[in-house]
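Single-structure report; data block below.
Protein chains: 2
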Amino acid sequence: MPYFTLDASSLQHWLTNHADLASLLGGSPSAWTIREVSDGNLNTVFLVDGPAGSLCCKQALPHVRVAPDWPMPLERALYEARYMRATADAVRPAAPELYFYDDEMFLLVMECLTPHEVLRTALIRDEVQPGFSAVIGQYVARSVHATSWISQPFEHGSKLLADFAGNTALTRITVDLILTDPFRPCSRNPAPEADLLPDVEALQADKPLHRAVGNLQERFLTARQALLHGDLHTGSIMQHKDDVRVIDGEFATMGPIGFDCGLYLGNLALHACGAPHKGNLITAEITAFWNSFTADFRTLLKTGGGDVWALSDDVEREEMLNTFLHSILQDTTGFCGLEMIRRTIGFAQVADYTLCVTPESRTEARRKALKTGRTLILAAPTVHNLEGLLNLLTLR
Amino acid sequence: MPYFTLDASSLQHWLTNHADLASLLGGSPSAWTIREVSDGNLNTVFLVDGPAGSLCCKQALPHVRVAPDWPMPLERALYEARYMRATADAVRPAAPELYFYDDEMFLLVMECLTPHEVLRTALIRDEVQPGFSAVIGQYVARSVHATSWISQPFEHGSKLLADFAGNTALTRITVDLILTDPFRPCSRNPAPEADLLPDVEALQADKPLHRAVGNLQERFLTARQALLHGDLHTGSIMQHKDDVRVIDGEFATMGPIGFDCGLYLGNLALHACGAPHKGNLITAEITAFWNSFTADFRTLLKTGGGDVWALSDDVEREEMLNTFLHSILQDTTGFCGLEMIRRTIGFAQVADYTLCVTPESRTEARRKALKTGRTLILAAPTVHNLEGLLNLLTLR
């Protein structure tokens, strides 16, 4: 079926033509309820409920949903489907199941997550169950194990490079919006609050900072360590009680493992900037993430299986993993800093700042995020353990 | 035309069906002379002379030419064609022109290089014109400029990643023959001379060495800095007087720039191991390579043009290039060491050792190569300039 933009009625029709999916819903199409719940920047999302079950249907639009004059190739849905397939067995049950991908409609049909809510929203509403970040740490470690050169024959990584190298439309967003735009005057950057303008101008004139950002640009594009989610922020995670799921893998690319870690930790830290009284809670989540990530990383990767480190035994590999984790922590620190800055003054900002009740406190929160982000980017090569990162974050 | 293995007669017929190529040769097919000159390990090569001009025709075989029971996918010819097309404009005239690629016959038709000879052969015969390595240094810098993230929009590098990630059959050879086999008992390794056996056994039990090799395995597979030739040894270069040409790009892959540099310098150093009286000549060539490479690298890359370091100006970029060249030198040192070892005890050894007239001197030459290779691999992270590398090589 040639591509067209679905609405509730045409989606119902599409589903009736897909018997497996229709039988998951059960009953007759007239018994189904279809709600549009689009929330992210890029796609339309429908939740479909039937007598026997539910589905989540996500369709790519030919433009940015929140900026219709910004064209966006439909193929991103293909990369999300590929990402889900490449990681599903490793991360289950920490991601929804992909039931079907329609490569003409650029439509993913997935497990419906209800009554889950977006983690960022739950954090803002204080509705999280502490420790949720351990699941995310485990998720990243398991994704890495499924896709890295240390744990898989190099042909596997080569296939992933080939399968995801074409995802340039969304990688271009990362390169521009995270790695470049916030550090230069750019029409995509919203005008900052007047009080924040001097801080923004200082960041955009800070040559040592730009040099450190340049190193992170280089890491992002050259250090092809494993398959990344590529956009692992608190808006890409759904949760209900202790059920935590990662969604929205359309930014997937082979890249530095610390990029996924850094984006996640950056969004946690941003929440604490918006809600300073939650500094200890967020510090505990960052700790839970890192401890869970490193523990699972060591366990899963020490048995090898890949062409990298093939000459070493498990004991030696454990030592080598410690060195590797050290460099991942430094990447994590740098990318965390980038995320804090771009989510504060760049195109796609975060709702966590709505927790600040006065304009003054909001400016103060943003200023803290910018200052911390800059510190992290510059000091990343000097961080040697989690405590070092926590000290730079100054959330406690 | 479905694939079949060409001989002189069927190649003549094939050429008559390609009018552009036939007219380059001139005259009637009966006036053409066709000689098979296969020399490398993998392919058949014919030189065709006609009244008006000459052609070089290289066809992939479905197996390793020198080991017919080792199957080898034909697609490697496609990657060589892609490599030549991706680099031709940048490196001209330091590579032969590709006139035609037949993707069913896996046949490349190229500029014929006569009366050129293989650089390794010319070195062995003392028929080189000193300073030839400056051309190779320039070749590597120009290839990097055409393909790196610093000098090209990231979409260009992504296309190269996609175009070359499938070259797994030949990358498997690199991973096995260069990065792994020499350091473990392996049926592909020829039995060493009895006198050398203790040295080989020591290398294969050397855990700190294996750890350093592991780091180089990781660099090779994860540090996707630019498009590599992938097999840049003195047998992949043709020369006649001051005309120096790089051939045989079928191992092309995105990888660490120091890999191409290291393989080339390793083969120069191996020559000096086989001919110790030429230590100063080889040292001069290594110096010419590195000086030419770094000078052109700085000039070409400092103007940027890529997404990496996009925030920095030319002056800052020049400083950043120095740091980058430092890390390339360390990679170069490590890969140089790997090449010296694998060409001494691995599957594909070098003819330079035939310069040793006695069995004792040959063993001594090989022992020196193994010892130097090991030193380079272990000391690579401590090398800070060319002089440091030359000191480790001890060729002077």
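Read top to bottom, the protein sequences are chains A and B.
Using the UniProt record's numbering, read the first sequence as starting at 1 and increasing by one per residue.
Using the UniProt record's numbering, read the second sequence as starting at 1 and increasing by one per residue.
Cβ atoms here follow ideal geometry from the backbone N, Cα and C, with glycine treated the same way.
Model, not experiment: these values are computed from the prediction.
Item	Value
Any C-beta of chain A under 8 Å from that of Q217 (chain B)	yes
Pair within 8 Å by beta-carbon distance, A379 (chain B) and L392 (chain B)	yes
Rounded separation between I328 (chain A) and C336 (chain A) - CA only	12 Å
Within 7 Å of chain B by C-beta, residues of the region 224-251 of chain A in sequence order	R224 and Q225
T382 (chain B), buried or exposed, once every other Cβ within 10 Å from all chains shown has been counted against 16	exposed
Which of helix, strand or coil DSSP assigns to D181 (chain B)	helix
Beta-ladder partner(s) of V109 (chain A), from DSSP	A:C57 and A:F100
8 Å Cβ cut-off: residues of chain B touching H210 (chain A)	L311, S312 and E316
Ranges of the alpha helix (DSSP H) found wholly within the region 343-380 of chain B, counting only runs of at least 4	359-379
Bridge partners - Q129 (chain B), DSSP secondary structure assignment	Partner(s): none; Q129 (chain B) has no beta bridge.
V118 (chain B) - partner residues in DSSP beta bridges	B:M238
Per-residue burial, D69 (chain B) [other beta carbons within 10 Å of its own, 16 or more giving buried]	exposed
Option nearest V308 (chain A) by Cα separation, candidates B:D181, B:I124, B:D231 and B:L98	B:D181
Rounded straight-line distance, which links the Cα of N41 (chain A) to that of H13 (chain A)	26 Å
Secondary structure of D176 (chain A), DSSP reduced to three states	helix
Own chain, CB closer than 6 Å to L228 (chain A), minus 5 neighbours either side, in chain order	T253, G255, F259 and D260
First through last residue of the alpha helix (DSSP H) which encompasses D163 (chain A)	F154 to F164
Residue span of the alpha helix (DSSP H) that contains R298 (chain B), given as start and end	G279 to L301
Status (buried if at least 16 other CB within 10 Å, exposed otherwise) for R35 (chain A)	exposed
Contacts around A275 (chain B), its chain only, beta-carbon distance under 6 Å, and the 5 residues preceding and following it disregarded	L355
Buried or exposed by the 16-neighbour rule on C-beta atoms within 10 Å, applied to H156 (chain B)	buried
Spatial neighbours of A295 (chain A) in its chain, beta-carbon cut-off 7 Å, leaving aside the 5 residues before and after	none
Identity of the residues DSSP links to M254 (chain B) by a beta bridge	B:L227
Own chain partners of Y99 (chain A) with C-beta closer than 8 Å, once the 5 adjacent residues on each side are dropped	D20, L21, L24, L55, V109, M110 and E111
Beta strand (DSSP E) segments (min. 3 residues) lying fully within the region 21-80 of chain B	33-36, 43-49, 54-60 and 67-71
Counted within 10 angstroms of its Cβ, other Cβ atoms place N280 (chain A) as buried (16 or more) or exposed	exposed
H145 (chain B), buried or exposed, once every other Cβ within 10 Å from all chains shown has been counted against 16	buried
Between the CA atoms of G235 (chain B) and D103 (chain B) - distance to the nearest angstrom	25 Å
Interface flag, M320 (chain B) vs chain A, CB-CB below 8 Å	yes
Under 8 Å from the C-beta of V64 (chain B): neighbouring residues of chain A	Within 8 Å Cβ-Cβ: nothing; V64 (chain B) doesn't reach chain A, min ~18 Å.
Near-chain B residues of the region 142-163 of chain A - C-beta to any C-beta below 7 Å	W149, F154, E155, G157, S158, L161 and A162
V135 (chain B) versus S292 (chain B) - alpha carbon distance	8 Å
Chain-ordered neighbours of F166 (chain A) on chain B, where CB pairs are closer than 8 Å	Note that residue 166 (chain A) is Gly in the sequence shown, not Phe. Here the neighbours are S158 and A162.
Test: T382 (chain B) CB closer than 8 Å to a CB of chain A	no
N-terminal and C-terminal residue of the beta strand (DSSP E) that V244 (chain B) is part of	D243 to V246
N43 (chain B) to I237 (chain A) span [Cα, whole Å]	52 Å
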